Structures are given as C-alpha cells and as structure tokens.
Ligand code: HEM
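Residue numbers (our numbering): 36 to 520.
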C-alpha cells in the first residue's frame, strides 16, 4: 500500500475528515491538506482552445514509401522505409470542450512529426479548402460560428450574414453542409494540409506542395438525422471510437500523398495556388503517394498529452517551409501566441510537445513553470567561448521569391468564388445534392429573409440547380432582380 501525500510529499494521516474544532465545529485554518486540496481543485481548468476545443489524440508512426529526395531534403523523408513517431489530434472547430463530436463542423487533423531535425507540425483539417482567404477575417468568421453575445446561443443569422457577405466561403460551406460535414468518426475521414507549403531539395530548388491523407478505413459519414441522434446518444462517439479501436489493436491508417508544383509554375497557373479557398485539380497536379500513417498508441493521460498538446504551422524542419498564402502567414503568428496564453511560455518543454528524436538546444531561460534544469550552469548568451550551441548556415533556406508594393489589395478582385463550388455540387450526384440542399435550407431557413435572398444569389452563381434547389427547399421564390442576374 502506498501512502497518500501532500504535494510536498508529506504523509496524509486522514483524507476523510477535515480538522475541526469539535465534531460539529468549524474547520481550522491549519488544515493545510484541506486547503491545498481545494485550492488545487480551483485551478484545474486552463483556457480551452479558442477554436478546436473538443478533440481526441493518439500517437503513431509515419513511414516513407517513395523516394522524394528529388523534391525535399527533409531528413524524415530521406529514405524509403524510414519511420517517424507522430502525435495526431483530431477535433471539431466551433464547439466547446464538452460539445458533441457529431456536430456539423470541419474536423481538425493536427499532426506532429517528432523528427531528428525537430518537430514538424502539419496543422490541417479534413477539408482541402477553407472559408476565407485573408487572416484579417478569421476572428470575424469564428465569432459567427460561436455563440451570440446576447443570447449565448448558436446563431444561424450571424452564420449566414457572414457567408452571404463573403462569397469566398462558397466552396467550403458546400463541403460543410454536404455529408462530409458530419463524419461518422475520426477514423473515417481524410486529412489535408489545405495550405500550400514549400518543399526544398538538396540543390535548393523549391516546389509547392499540398498534402492529402486518405483514410484506409473508408470515408463514412452520418446523415444530418443520424448525426443529431448520435449527438444525443453519445456526444463523445468519435473520441470513444478512436480510443477503442486503438486499444483493440485495430490501428487506423491513412495513405499520404502530395500534389507537387514546380516553383515557377505558380506564376503561370490559372488558379492562384496560394488561395486557400481553391483546390488544385488532380488532372493538373496528380496525387503522388509518399507514405503511410498509422495510429497505434493511446495517450495515458488526456490532459497531459491531448489537452496540453500544442501544434503550430510555424514548426517546420529543413527541407520544408511556408508559402505566400496570406492565411498561412497569419497562422504562423497565431498558434504559438495561443500556446503562450493557454499553456505558458515553457509549453515547448511539456513531454508531448518537446522534441522526441532530438533535443532543444538554445538560450531561452526561466519563465513560469520551467520544470527542467533550465540549462544548468551553461552559458545563457550567444556567442560565447564555452562551447554553447551555434547557428548552422548549412540549414539556411534559399531566398523566397516575393515582390510587390505594400498595400491592402482587395482579395475578391478577379477571383472566381463560384466555379469550384459549382463543380463540387455537380460532382456529388443527385442524392448527395438533395441532402446538401436540405441541410443548407434547414440552417439558412433560420436566418432573416433578406439574408436568405442574398445567399441564394451565391448558390445560383455556383450552379442554377443549386440556387433553385435551395430556394425550393426554403419555400421561397428567388427575387426576380437576383434571378435575372
Ligand atoms: C487551432 C487560429 C485557420 C486548423 C487554432 C487555434 C488558434 C487558431 C488560435 C488554437 C491553438 C491552440 O490553442 O493550441 C487560426 C487562425 C487561422 C486559422 C488565426 C486563420 C488565419 C486554420 C486553418 C486550418 C486550421 C486554415 C486548417 C487547414 C486548426 C487545427 C487546430 C487549430 C487543426 C487545432 C490544433 C490542435 O489540435 O491543437 N487555430 N486558425 N486553422 N486550427 Fe486554426
């Protein structure tokens, strides 16, 4: 039998009865054990993630299956068969930490590769595109997905007000209201980097890449009715499903592919390859299979490993870098900032976040909750004469070709927000179209008539059958001025 102790390690003689003045009396201040217990309990909660608060995670392994050295010198991708430990956190986006896994929402797909060159975070979603293309709009957009400031209720008026005033949302909202907006579980969906990233090879040539993770369990989705039922029966169904599968040895796996675009083709390609609201059609840039990913180990403690996990798109390794995508640039700031707020300045030292295949060697010192040796007596400045870590110019990234006059350019000018949304609508077939339009009408129908009309204009522009189909399900006539456009 082990003895219960205080946080300081002193044995506790009684964990059932507070120290009181007489059997009925008030408790005494000197009951330090009681005070410590209550005080620690009061501090159990940390801020939940401002988005993607509800999630589940697991460890696994990534294995290279193709020689990609012509395109990247990333060491973890350097040889066929090479394996790298990973941690993957799935999530929903808009709901709070206790919200239902089955809610209609994109799903997060945040992957940490523990490489020998440091951790590489690929912080993606289960959709290849996103709602907006300028990071300046992210807080506005997310406010519409969260709760109304007065009623504290989810607010379809805000959702459709923003969508209808932001036509670049058309592609992603078509995915969101399709069957893929309600995956049957985390194992049954794909993952995407969504953004374009750089791959850089040993000759310092740059390529633009997009990552795709295809589920080997097969895509499976709920209908809206099934999702609503599951949210009631088991709000944690996707968390439960992932944990149970891994505990049973039924390890979920994904095939990993990339689309690759030579650097200079970006200037000639008809689509802006850095626009997060667009995909690169596979006919132009086919999927190149490069590896496989399997999850094979559950966390031992949810708070320590999943809640405290921290992913940042800014965490890249030599051979991999960023792109001019405005949204990605905004995210490069946002995540580490969120981690400092949510977890503190030393979040990188937490076991789930620190490098596993190498170690961090730098001159950062002190700060709240510095729980390792804090660099001991080694120098805390650089340059120094005592053998401290120094820069390695061989790891430098080649110059990034950028140009242009600084200005606030209208990101909607010359951008077709409808073609890919319309193409997706036509691709999914009549039955899925009917469910898509029914799901939209169920939500849009809760917004005021003027907003409905403004949104119908966008559906019409994507495909006339899309516009008329939603209007019919709303039981409204499309205003003639709009229909004539
Ligand atoms: C989480 C910001 C766009 C995927 C977060 C968090 C912030 C954030 C602050 C919480 C981080 C934390 O507390 O650990 C932003 C901003 C965006 C943006 C400012 C746009 C400018 C995106 C996009 C994707 C994405 C486009 C996917 C392609 C995720 C995922 C998480 C997340 C998966 C959860 C990470 C985890 O599991 O810990 N985002 N986000 N976000 N975001 Fe974004």
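Positions of the beta carbon are idealized from the N, C-alpha and C atoms, including for glycine.
All values reported here derive from a predicted model rather than from experimental measurement.
The DSSP-derived three-state label of residue 38 is coil. Counting only residues of its own chain and dropping the five nearest sequence neighbours on each side, residue 476 has a CB closer than 7 Å to the CB of 505, 508, 509. Proximity of the beta carbon of residue 374 to the ligand HEM is indicated: a heavy atom of the ligand is located closer than 7 Å. The Cβ atoms of residue 234 and residue 354 sit closer than 8 Å to each other. Note on the region 131-201: whole alpha helix (DSSP H) runs with a minimum of 4 residues are 173-180, 191-200, in chain order. Distances from the alpha-carbon of residue 255 to those of 237, 287, 386, 218 put 218 closest. For residue 252, no pairing in a beta bridge is given by DSSP. Just so you know, the alpha carbons of residue 73 and residue 245 end up roughly 49 Å apart. The region 79-99 makes contact with the region 335-344: 3 or more CB pairs, one atom from each, lie closer than 8 Å. The beta carbon of residue 386 sits no closer than 7 Å to any heavy atom of the ligand HEM. Just measuring C-alpha positions, the residue of 396, 410, 449 sitting nearest residue 427 is 396.
The C-beta distance from residue 91 to residue 277 rounds to 5 Å, short enough to meet the 8 Å contact threshold. Judged by the Cβ position, residue 436 fails to qualify as a neighbour of the ligand HEM at the 7 Å threshold, every heavy atom of the ligand being at least this far. Residue state for residue 478 is assigned as helix, using DSSP reduced to three classes. Secondary structure in the region 244-324: the beta strand (DSSP E) runs of 3 residues or longer, each lying completely within the stretch, are 288-297 in chain order. The DSSP-derived three-state label of residue 231 is coil. The three-state reading of DSSP puts residue 355 in strand, counting E and B together.
In this structure, residue 163 lies near residue 227, with their beta-carbon atoms less than 8 Å apart. A straight line joining the alpha-carbon of residue 274 with that of residue 333 spans about 11 Å. Per the C-alpha coordinates, the member of 118, 159, 422 positioned closest to residue 87 is 159.
Here residue 326 is buried. Its C-beta has 16 or more other C-beta atoms within 10 Å. Ranked by how close their Cα comes to the Cα of residue 450, the residues 252, 44, 206, 357 have 206 in first place. In the DSSP assignment, residue 118 forms a beta bridge with 98. Sequence-distant partners of residue 360 (beyond 5 residues in either direction) whose C-beta falls short of 8 Å from its own C-beta, in its chain, are 230, 231, 309, 310, 311. Here residue 55 carries a strand assignment [DSSP, helix/strand/coil]. In the three-state scheme derived from DSSP, where H, G and I count as helix and E and B as strand, residue 219 is classed as coil. With a cutoff of 7 Å, residue 459 does not count as near the ligand HEM, since its C-beta is closer than that to no heavy atom of the ligand. Inclusion of residue 166 and residue 490 in the CB contact set at 8 Å is not warranted, their separation being larger than that value.
Residues 288, 289, 290 of the same chain have their beta carbon placed closer than 7 Å to that of residue 251, with the five preceding and five following residues left out of the count. The DSSP-derived three-state label of residue 77 is helix. For residue 102, same chain residues with a beta-carbon under 7 Å away, outside a window of 5 residues either side, are 115 in chain order. Closest option to residue 286, judged by alpha-carbon separation, among 223, 346, 239: 223.
Counting along the chain, no alpha helix (DSSP H) covers residue 421, and no H or E run does either. In this chain, the alpha helix (DSSP H) harbouring residue 505 covers 499-509.
The region 430-438 makes no contact with the region 402-421; the number of CB pairs closer than 8 Å stays below 3.
By the C-beta criterion, the region 362-371 is judged not to be in contact with the region 123-143, since fewer than 3 inter-stretch pairs fall below 8 Å.
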